[in-house]
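Colleague: Sharing a structure below in structure tokens format, with a few things to ask.
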Amino acid sequence: MEDSINFIQAFIGKEYEALVAQWTEHDDSIFEEKRNEVRQFYGAYLTPEVNRPEPVDNKWFKKGKKYLDMIQPRALFQVKQYEHPTLGNLYRCYVSTTQRDDNNYFSCLYVANTEQGIKIVAQYNTDFEGGWNWRGGVKLDTLGKLIEVRKFQAPTDPENLKDYEAE
Numbered sequence: 067m068e069d070s071i072n073f074i075q076a077f078i079g080k081e082y083e084a085l086v087a088q089w090t091e092h093d094d095s096i097f098e099e100k101r102n103e104v105r106q107f108y109g110a111y112l113t114p115e116v117n118r119p120e121p122v123d124n125k126w127f128k129k130g131k132k133y134l135d136m137i138q139p140r141a142l143f144q145v146k147q148y149e150h151p152t153l154g155n156l157y158r159c160y161v162s163t164t165q166r167d168d169n170n171y172f173s174c175l176y177v178a179n180t181e182q183g184i185k186i187v188a189q190y191n192t193d194f195e196g197g198w199n200w201r202g203g204v205k206l207d208t209l210g211k212l213i214e215v216r217k218f219q220a221p222t223d224p225e226n227l228k229d230y231e232a233e
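Given below as structure tokens:
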């Protein structure tokens with residue numbers, strides 16, 4: 067569990083650094099380096115949601131000043147460990163968006179040990195009706211037996227909070 071928690075926390079930090087670089091870094095090679103650092107966390111054909119057009123101009127960076135005021139690192143709410151029938155230990159990491167003051171579930175990032183080490187192997191986003199939509203990676207029809215739950219921060223949405231307090 068500890069390795070997966072450290073992994074997802076490192077991902078959240080690197081993703082935020084890359085988002086900041088997306089809007090502030092004039093040197094494309096440095097931006098790409100930051101983006102590649104995030105890409106290293108993904109497996110199963112998933113890719114980072116950190117992009118910008120080429121080439122970028124002063125208008126882009128001016129727009130970025132406003133954007134930076136609207137973002138934050140994702141909140142990590144809880145991590146649930148499952149014994150998945152084929153993936154082994156599977157960690158379901160409940161996170162927010164990167165929008166400032168968002169304190170609600172948005173994604174479940176599923177982390178597992180792969181041949182390339184620990185990776186995000188699937189992403190599901192909320193459908194805003196209490197369910198989850200597959201966004202990429204491995205499709206998970208079953209999660210397996212729940213082994214452990216580690217809580218970090220309670221969400222504010224009443225439905226999210228009910229789920230958070232359920233286990």
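Note that this note's numbering gives residue 119 to position 53 of the sequence shown, counting from 1, and the numbers run on in steps of one.
A virtual CB, placed ideally from N, CA and C, is assigned to each residue, including glycine.
Computed from a predicted structure; not experimentally measured.
1. How many whole angstroms separate the CB atoms of Glu81 and Val104, which I take to be in contact at a CB cut-off of 8 Å?
2. Relative to the C-alpha of Asp207, which residue among Phe172, Thr152, Asn124 is closest?
3. In terms of alpha-carbon separation, which member of Leu175, Ala110, Ile71 lies closest to Gln182?
4. Can the beta-carbon of Val187 be found less than 7 Å from the beta-carbon of Gly203?
5. Since Asn170 and Asn226 should fall inside the 8 Å C-beta cutoff, what is the C-beta to C-beta distance between them, to a whole number of angstroms?
6. Using the Cα positions of Lys131 and Pro221, report the straight-line distance between them to the nearest angstrom.
7. With DSSP as the reference, identify every bridge partner of Arg118, one or two as the case may be.
8. Quick one: grab the DSSP three-state call for Gln75.
9. Report the three-state DSSP secondary structure of Leu153 (helix, strand or coil).
10. Would you identify the three-state DSSP class for Leu142, choosing helix, strand or coil?
11. Pull up the distance between the alpha-carbon of Thr164 and that of Val86, whole angstroms please.
12. Whose C-beta lies closer than 6 Å to the C-beta of Arg118 among residues of the same chain, with five residues either side of it excluded?
13. Which value, in whole angstroms, describes the spacing of the CA atoms of Cys159 and Asn179?
14. Please determine, among Phe127, Tyr230, Leu212, the residue with the shortest C-alpha to C-alpha distance to Asp93.
15. Using DSSP with H/G/I as helix, E/B as strand and the rest coil, what is Val104?
Modeller: Based on what the coordinates show:
1. 5 Å
2. Thr152
3. Ala110
4. yes
5. 5 Å
6. 28 Å
7. Answer by DSSP bridge pairing: none, since Arg118 is not bridged.
8. helix
9. coil
10. strand
11. 11 Å
12. Gln88
13. 14 Å
14. Phe127
15. helix
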